[in-house]
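Chains B and W, in that order, give the protein sequences.
So the first sequence is numbered by the working numbering: it starts at -18 and just counts up by one.
So the second sequence is numbered by the working numbering: it starts at 2 and just counts up by one.
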Amino acid sequence: DAKTTQPNSMESNEEEPVHLPCNHSTISGTDYIHWYRQLPSQGPEYVIHGLTSNVNNRMASLAIAEDRKSSTLILHRATLRDAAVYYCILRWGNTGKLIFGQGTTLQVKP
Amino acid sequence: DAGVTQSPTHLIKTRGQQVTLRCSPKSGHDTVSWYQQALGQGPQFIFQYYEEEERQRGNFPDRFSGHQFPNYSSELNVNALLLGDSALYLCASSYNSVFTVTEAFFGQGTRLTVV
């Protein structure tokens, strides 16, 4: 299974943008890059996914490096409710299992 | 839409006992996956069920088994419980589309404590 590497923790100020990095140097051509987040005492929640091109949705943006060996999740304006553990996951195709790492714990300061 | 529902929410069992956890997937979803999350760790994939069959399995012993019913709901069974089985057990459902990547929806989990 391809692995991802994320910083253990990051801090942000409320209403400022947050860039969460992820390295995945062993990514294969059929691996999609998924991001999930887990708020305290809840199950993980889907954030965004992409294959090669940058992606935007109502929650966040995903910037994927041209060689696909790294990606960055962008929260455009962090709120206190965005404080969570963010997981960067490589998923094979549409049916592959989700392999979670340790994730990045994001703290948002008022 | 109730989303993914799991029962029970909390459970305390004794070492050596057996436990069954239940999951109802989100409406329209046909695939159910189970994950184990120890305190302070990311979820670990146990197995995935589709069309009532185990399609993929993670690195878990045979004490962990499952089942999927015709209505797509699923059960996770753990036999001969060990103290190390204490964890949050998460169920995730998704739709097996051949045309597009679909997201997984997770339940709130069942907190299992083995004493």
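Each residue gets a CB set at the ideal place from its N, CA and C atoms; glycine is no exception.
| request: State yes or no: is the beta carbon of Glu104(W) nearer than 8 Å to at least one beta carbon in chain C? | output: The chain labelled as chain C is not found among the protein chains of the depicted structure, namely B and W.
| query | beta strand (DSSP E) containing Val(-1)(B): first to last residue? | reply | For this step, residue -1(B) is matched to residue 18 along the first sequence. Per DSSP, Val(-1)(B) belongs to the beta strand (DSSP E) from -1 to 4.
| said: Three or more C-beta pairs under 8 Å: does that hold for the region 5 to 15 of chain W against the region 49 to 62 of chain W? | reply: no
| Per-residue DSSP class, three states only, for Asp12(B) | Mapped onto the first sequence, residue 12(B) falls at position 31. Correct three-state label for Asp12(B): strand.
| said: Using a Cβ-Cβ distance cut-off of 8 Å, determine whether Tyr13(B) contacts chain W. | reply: Numbered from its first residue, the first sequence carries residue 13(B) at position 32. Output row for Tyr13(B): interface = yes.
| Going by other Cβ atoms of all chains shown within 10 Å of its Cβ, with 16 needed for buried, is Pro71(W) buried or exposed? | For this step, residue 71(W) is matched to residue 70 along the second sequence. Per the 10 Å Cβ criterion, exposed.
| task | Check whether the Cβ of Asn97(W) lies closer than 8 Å to any Cβ atom in chain B. | result | In the second sequence, residue 97(W) corresponds to position 96, counting from 1. True, the Cβ-Cβ gap to chain B drops below 8 Å.
| request: List the residues of chain B that Gln108(W) touches, going by C-beta distances under 7 Å, in chain order. | output: For the purposes of this step, residue 108(W) is taken as the residue at position 107 of the second sequence. In the sequence as presented, Gln is not what sits at residue 108(W); that position holds Gly. By Cβ distance, chain B contributes Gly24.
| message | Does any residue of chain B have a CB that is nearer than 8 Å to the CB of Leu91(W)? | response | Position 90 of the second sequence, counting from 1, holds the residue named residue 91(W). Under the 8 Å criterion on CB atoms, Leu91(W) is classed as interfacial with respect to chain B.
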